[in-house]
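These notes concern the structure reproduced below.
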Amino acid sequence: MTTTVDVPSIEQTARRVRCLIVEMTAAAGSGHPGGSLSAADIAATLYLGVMRHDPACPDWPERDRFILSKGHAAPLIYAVLAEAGYLPVEELSSLRKLGSRLQGHPDSTKLPGIEVSTGSLGQGLSVAAGIALGLRLQGNVASRVYCLLGDGELQEGSIWEAAMFAAHHGLDSVTAVVDANGLQIDGPVDEIVRVQPIAEKFRAFGWEAIPVDGHDIAALLEAFARARKTVGRPTVLVADTVKGAGVSFMEGRCEWHGVAPTAEQAERALAELWGAEPPGEEAGR
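Going by numbering that gives the first Met the number 0, the sequence shown opens with residue 0, and the numbers climb by one from there.
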């Protein structure tokens with residue numbers, strides 16, 4: 000699949016992704032909208048402007064890999080994969096339904112495009128490092144491995160074991176992205192177990208660390224390009240984001256970590272996201 004670096008196009012996709020997240024969690028009556036919305040710009044940038052992948056051939060050996068370590072943000076990856084052509088948009092309404100391919104956490108045995116089943120926090124970066132080392136041993140130097148982490152997830156000790164391992168082996172094909180929205184299910188991250196300063200901690204483990212505005216598509220593209228040029232060590236993007244970004248009554252509120260909007264709240268959210276234009280007309284859906 001040919002990626003594009005057209006910033007307005009990626010911004011439009013990110014907005015559609017946010018709408019799909021709202022729609023599918025409202026339809027399911029459950030799910031995790033807050034941390035899905037905060038990472039929508041990051042995921043849209045990766046799938047449209049950065050990663051090499053092909054929805055017609057999900058197992059293409061030369062593809063880049065994406066690991067959603069914060070697996071509870073499954074609505075995010077489902078929406079992005081639908082936008083990229085891995086599944087019909089209409090299937091998103093089956094989120095969390097009995098027999099659906101769209102489980103509450105991503106299941107690699109059910110849905111093409113999901114590299115690894117995730118959900119237990121703290122494991123994605125280890126998997127990413129293992130995949131990167133395996134690709135190197137196979138002689139695959141073209142593929143890169145991207146891993147999306149939550150900042151609350153950094154409280155898991157296994158993250159730092161993986162960080163140490165990746166740096167030790169000089170896995171410069173690994174790029175981690177921390178969705179640093181500052182909130183987790185029980186409240187502000189700083190009040191539960193402080194993880195800052197995130198960039199300095201990764202640097203201490205031997206990583207290249209790049210702070211970036213996680214809602215600025217152009218800045219994200221530049222940061223990913225810088226990561227690609229980094230040689231001999233892995234890179235982390237510490238992306239400053241807002242939980243619930245794009246929906247005013249969800250922004251910066253930890254209670255939206257794992258609560259779905261009602262039908263009325265979803266209608267209000269979609270109106271905010273799309274303004275006066277219905278999504279189908281503006282997006283050509």
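Even glycine gets a Cβ: it sits at the ideal position worked out from N, Cα and C.
Assigned with DSSP and collapsed to three states, Ile209 falls in strand. For Phe65, the three-state secondary structure derived from DSSP is strand.
Counting only the Cα atoms, Ile216 lies some 7 angstroms from Glu10. In the assembly as shown, Ser29 is an exposed residue. Its beta-carbon has fewer than 16 other beta-carbons within 10 Å. Of the residues Thr229, Gly70, Arg51, His71, the one whose Cα lies closest to the Cα of Arg62 is Arg51.
Excluding its 5 nearest sequence neighbours in each direction, Ala27 has C-beta neighbours in its own chain below 7 angstroms: Leu94, Arg95, Ala259, listed in chain order. In the three-state DSSP reduction, Asp5 falls in the coil class, being neither helix nor strand.
Taking the C-beta atoms as reference points, Glu254 is found no nearer than 7 angstroms to Val241. For Tyr77, the enclosing alpha helix (DSSP H) begins and ends at 73-83. Straight-line spacing of the CA atoms in Ser116 and Ser107 works out to 5 angstroms. Taking C-beta atoms as the reference points, Tyr77 and Pro54 fail to come closer than 7 angstroms. Short of 6 angstroms from the beta carbon of Ala73, and not among the five residues preceding or following it, lie these beta carbons of its own chain, in chain order: His104, Pro105. Cβ-Cβ distances below 6 angstroms link Asp239 to Ala179, Asp212, Gly213 in the same chain, with the five nearest sequence neighbours on each side left out; the list follows chain order. For the 7 angstroms CB-CB criterion, Val235 and Ala208 form a contact.
In the DSSP annotation of this structure, the continuous segment of the alpha helix (DSSP H) that includes Asp189 starts and ends at 188-191.
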